[in-house]
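Student: Heads up, the sequence shown is in our numbering, so the first residue is -13 and it goes up one at a time. Note that beta-carbon positions come from the ideal geometry of N, C-alpha and C, so glycine has one too.
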Amino acid sequence: MIDSHCHLDDPRFSSDLEAVLLRANQSDIQHLVIPGVQHQQWSIQLLLAENHQNISNAFGIHPWYCEQHNDADLQQLETLLPHAVAVGECGLDFTADKPAEDIQQYFFQKQLELAQKFDLPLIIHSVKSADSVAIQLRSYPQLRGVIHGFSGSIQQANNFINLGFYIGIGTRLLQQRGQKNNTLLREIPLELTLLESDAPDGLGKHQRNEPANLIDVAQALAHAKNIPLEFVQKQCTSNTKELFSL
Ligand SMILES: [Zn+2]
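1) Report all residues from its chain with a CB closer than 6 Å to the CB of L176; omit the five preceding and five following residues, and keep chain order.
2) Please report the distance separating the alpha-carbon of F217 from that of Q97.
3) Kindly indicate the opening and closing residues of the beta strand (DSSP E) around A44.
4) Would the C-beta of D184 count as close to ligand 1, meaning under 7 Å from any of its heavy atoms?
5) F45 and L63 look like a contact to me (Cβ under 8 Å); what is the Cβ gap, rounded to whole Å?
6) Counting pairs of Cβ atoms below 8 Å between the region 0 to 11 and the region 197 to 213, do you hit three or more?
7) When DSSP builds the beta bridges, which residues end up paired with Y51?
8) Just confirm the distance between the C-beta atoms of I140 and E87, as a whole number of angstroms; I'd bet it's less than 8 Å.
9) Suppose contacts are defined by Cβ-Cβ distances below 8 Å. Is H(-7) in contact with P49 by that definition?
10) Whose CA, out of N167, L32, T169 and G131, lies closest to the CA of I153?
11) Taking the CB atoms as reference points, tell me whether P68 and F230 lie closer together than 8 Å.
12) Would you kindly work out how many angstroms separate the C-alpha atoms of L239 and G135, rounded to a whole number?
13) Quick check on DSSP: helix, strand or coil for V23?
14) Any chance the CB of E196 is under 7 Å from a heavy atom of ligand 1?
15) Using a Cβ-Cβ cut-off of 7 Å (strictly less than) and excluding sequence neighbours within five positions of A206, which residues of its own chain qualify?
16) Report the option in N212, T179 and Q95 whose CA atom is closest to the CA atom of N225.
17) What are the uninterrupted segments assigned as alpha helix (DSSP H) that are 4 or more residues long and contained completely in the region 87 to 165, given in chain order?
Have a look at this one:
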């Protein structure tokens, strides 16, 4: 399998990353993609990819941190994109305590332009913002990517799919199983699904998540769709390779 979204550069992994990677390997994860969130972390990401052949990077500015960035950071981001498999994690998050919408929109749009310029896929964070994200994406019809950690409705998923996007399914969805999320797991086409841990997040506030838990996501999908686990693993791996050109 491939963990299409894990924050291995997060300080919560700094003391035992090798053990985390070993457990990932033992649980059949052959490759991992780190999305970028803020400029201070970019050099750590570069170092991780330099030291581990099975790690690839995306670089971007996460909507939560956009207030701490400026145009010089966007210029630096541009210099990193030749080393990236995607632009992101970028997007819009309209939860009440997040930065103002106009500054989020500014950095999101700049990163859409960069994805277009470098012909790279996008890793998009969208929370309480599905309509606004879709409006932005409609202005860039040639862009592709993944809506990561998806937990919206099946209609919203289909909207993004029609815009050329994959749907990232992660441990967070398993935390909040209800009728809506069971429907999502069942209905989202497997050919358009990526598996992700979003580690160290994804298991609630008090527990550190790690890539090895990706198997739980694959199992939940197999169960919801009533298909063999190997189908899920194989198809999602090929989807991720295809999107990120791995
Ligand atoms: Zn993330």
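Tutor: On the basis of the data shown:
1) Answer for L176: Q221, listed in chain order.
2) Roughly 34 Å separates the two Cα atoms.
3) DSSP places A44 inside the beta strand (DSSP E), whose first and last residues are I41 to F45.
4) Within the chosen limit of 7 Å, ligand 1 reaches the beta carbon of D184 through at least one heavy atom.
5) The distance from the Cβ of F45 to that of L63 is about 6 Å, consistent with a contact at the 8 Å cut-off.
6) Counting C-beta pairs with one atom in each stretch, the region 0 to 11 and the region 197 to 213 have three or more that are closer than 8 Å, which means they touch.
7) Paired residue(s): none; Y51 is not in a bridge.
8) Between E87 and I140 the Cβ distance is about 26 Å, and since that is not below 8 Å, they are no contact.
9) It is not a contact, given that the beta carbons lie outside the stated cut-off.
10) The candidate whose alpha carbon is nearest that of I153 is G131.
11) No; because the gap between Cβ atoms is not below 8 Å, this pair is not in contact.
12) No answer is possible for residue 239: the residues shown for the chain start at -13 and end at 232.
13) Reduced to three states, the DSSP call for V23 is coil.
14) Ligand 1 never approaches E196 closely enough for any of its heavy atoms to be under 7 Å from the residue's Cβ.
15) Within the same chain, A206 has close Cβ partners L160 and L171.
16) Out of N212, T179 and Q95, the CA that lies nearest to the CA of N225 is found in T179.
17) Counting whole runs of 4 or more residues, the region 87 to 165 contains the alpha helix (DSSP H) stretches 87 to 104, 116 to 124, 140 to 148 and 157 to 161.
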